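This report concerns only the one structure given below.
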Amino acid sequence: GISLTSTLQPSVSLRDLGLSEVRVSQLDELISRLLPIPGPEEPPTVPSLWRTSHVSADSFFHNKHDLDILFLFSPLFHRQYHSPLKEVCSELQFLPVRVQSRGFKTLRSRTRRGESTYDGPVESEPYTPAFMKGLLMREKGPEAQSLDQVTKQKNLPENQQEAFKTGFTEGFMRSQAFTQRTQDSLRRTRMILLGLLLLGIVGLYRTPFLSVRFRTTSGLDSAVDPIQMKNVTFEHVKGVEEAKNELQDVVEFLKNPQKFTVLGGKLPKGILLVGPPGTGKTLLARAVAGEADVPFYYASGSEFDEMFVGVGASRIRNLFKEAKANAPCVIFIDELDSVGGKRIESPMHPYSRQTINQLLAEMDGFKPNEGVIVIGATNFAEALDNALVRPGRFDMQVTVPRPDVKGRTEILNWYLSKITVDPAVNAEIIARGTVGFSGAELENLVNQAALKAAVDGKEMVTMKDLEFAKDKILMGPERRSVEIDKKNKTITAYHESGHAIVAYYTKDAMPINKATIMPRGPTLGHVSMLPENDRWSETRAQLLAQMDVSMGGRVAEELIFGDDYITTGASSDFDGATKIAKMMVTRFGMSDKLGVMTYGDVSKQSPETQAAIEQEVRALLKDSYERAKNILKTYSNEHKKLADALLTYETLDAKEIQMVLEGKSLDH
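Mapping the sequence shown onto full-length UniProt numbering, position 536 (from 1) lands on 536, and the numbers just tick up by one.
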């Protein structure tokens, strides 16, 4: 055999390893980590009665060749390294290779892993060096360190320390298992509750009775409760008697359809309400549903189309499907021109035609007398598609105009009945001074008057509050903070007095309502007129009287202050007078020289015709100026009295103006 001696191993010092400055404690720790931990000592052999024939070695190589494999790592066959770190790295090539395994993470696999006591790689003890075990094993955490401290503090014997640690570990593992089971139970409970909630929502959605009140598609297929519609009837609609009379037939059809079907007649499928904003189109549609006591479906034309293709058509289908299921009923589509406009090829709205096509198909697909009445509202009927307004769809058109004096009086009385008002208030006077007001504007007027009375601390709304609200809406709020010098204030007083004097002493002029020099909006003062009734047509004398009143302000400045001190305050007056004169010549046929011929576009006429038109307009304006001058010269004393009264009181109503002109004193 070959004898091995220790003299063949070279002696290595700490200086050669570069560890001369390392402390002894650090060197012991380094050696304990890098060198293998010595195994347990073999117990002494005990003499046995049995005869051992052969003892197997630790490896197949040793059994076959009778030579330990460690012999190959001896200095004769294995390269020696001066550095322990290089020695460790050279032995890594003989270690087994570990490959990461992948798989699906499931609840069952997690349970199996929890049952396992060791989650690391499984390998045999002889092939895992002790120094690698130290690297693979996790270091002790703070829990383990605290457990060691507890055992030391309790001064437990060594044989009881292991039992203590084992019991603590078993208790900890059982508590972890209990916590996991609790979490799994809570997770299953949440899933069951969520499933029950979804089933309840689906069941509520599919219930026929409840779906009418709870199902919504962006607010388009939810029916309004008929009980709410009972509070809105034709009694709440004022100022549009003709429109109410036309819609009475629809109410009769919804209440008693057999009355019409017996004779073979059928009502229109769609009714189109046309009129300016605020005239009561939506209120009329609600009143129809309230009178007939049927469900009322409200939809705005702008709510159908959105950014997604096909949403508008789908919403229309859902709306009509819901309405047919709850017939008889009323479908009201507000702002119909936004969804039913004329179909054009436009890259900005390439899919808008789908919505109107679906609307046309739904309205054309109604069976006769199906009990679904479609009411559309628009203030721009010219923009609607021709296929939508043909007979068979919206074949009945109802005009809802602005109310006249009688209608405005009814509307004002209706809204005044809802507030605390002075019995002396005359709604007709306010109605005469609000020409062209819609129902919504009259409601705003009453509300503004109530707010003004509340600010002033009054117990009821008076006539002055209503007049204040009317002037605020027509001309803007008062500008009391504006500081006007005495000269300009005097000019304004004589200017407005000139208008009032000419209006008061001109036969065909409108009656005066009020004169004021209180700045409002862009004006420093104004004189308001109060027509006795709505003028559907005007005579030549009335038009000339309006021109004369407009000239009164400039004429007053010229007569009182001279030609050099006339102001720019008459510019708007001249605009109105010139407009009236042009219309008299070019549209109304009231020119003796040009006759009864109309001229639509003056710029397209011949130069001779344009010169003739201009000459006639100048003549009308000049004659009007002279008539106003004659009146102010004749009533110069009254003019001065009225101007002084305006400088004193700032605002005068019709009765006070009459008292001043008659020479009576004002009791303020």
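By construction, the Cβ of each residue, glycine as well, lies at the ideal position given by its N, Cα and C atoms. None of the values given here were measured: they were computed from a predicted structure.
- Under the Cβ criterion (8 Å, minimum of three pairs), the segment 437-457 does not count as touching the segment 284-295.
- Between the beta-carbon of I473 and that of E650 there is about 20 Å, and that puts the pair past the 8 Å contact cut.
- The continuous beta strand (DSSP E) containing F332 extends over residues C329 to D334.
- Per DSSP, M590 is not a residue of any beta strand (DSSP E), being assigned neither H nor E.
- For A643, the closest alpha carbon among the candidates K629, T634, R627 and V660 is that of V660.
- Secondary structure of D548 (DSSP, three-state): helix.
- Take A509, set aside five residues on each side of it, and the residues of its chain with a beta-carbon closer than 6 Å to its own are A503, A545 and V549, in chain order.
- For T609, the enclosing alpha helix (DSSP H) has its first and last residue at P607 to T634.
- The C-beta distance from T578 to V527 rounds to 19 Å, too long to meet the 8 Å contact threshold.
- V455 sits in a helix when the DSSP states are folded into three classes.
- For a cut-off of 8 Å, the C-beta gap from R520 to G552 is around 19 Å, too long to register as a contact.
- Distances from the alpha-carbon of W414 to those of V237, P276 and G569 put V237 closest.
- Take the alpha-carbon of L620 and the one of D456: they are about 48 Å apart.
- Under DSSP, V421 shares a beta bridge with V461.
- Annotation: the continuous alpha helix (DSSP H) that includes F260 extends over Q258 to T261.
- If you check the CB distance, G239 and I411 come in under 8 Å.
- Listed in chain order, the non-local C-beta contacts of T506 below 6 Å within the same chain comprise A545 and D548, local neighbours out to five positions each way being set aside.
- In the three-state reduction of the DSSP assignment, T539 falls in the coil class, being assigned neither a helical nor a strand state.
- Under the three-state reduction of DSSP, M597 is assigned to coil, being neither helix nor strand.
- Collapsing the DSSP output to three states places R432 in a helix.
- DSSP places K514 outside any alpha helix (DSSP H); the residue lies instead in the beta strand (DSSP E), whose first and last residues are I512 to T516.
- Under DSSP, L273 takes part in a beta bridge, and its partners are A377 and V398.
- A383 sits away from F332, with the two beta carbons spaced by 8 Å or more.
- Minimum Cα-Cα distance from A427 among the listed residues S571, L442 and G436 corresponds to L442.
- Note that the segment 555-568 does not touch the segment 582-593; fewer than 3 beta-carbon pairs, one per stretch, sit closer than 8 Å.
- Residue pairing of R520 in beta bridges, as defined by DSSP: E478 and T523.
- Judged by DSSP in its simplified three-state form, L416 adopts helix.
- For L254, the enclosing alpha helix (DSSP H) starts and ends at E241 to K255.
- As a beta-bridge residue in DSSP terms, Y298 pairs with F332.
- The Cβ-Cβ distance between K514 and V374 does not fall below 8 Å.
- By alpha-carbon distance to D364, the top candidate from Y297, M463, Y298 and R393 is R393.
- Under DSSP, S528 takes part in a beta bridge, and its partners are K514.
- Looking at the DSSP output, D534 bridges to nothing.
- Looking at the backbone, the Cα of G203 and that of L196 are separated by about 10 Å.
- Where L661 is concerned, the enclosing alpha helix (DSSP H) starts and stops at A654 to L661.
- A straight-line Cα-Cα distance of about 14 Å links L360 and I271.
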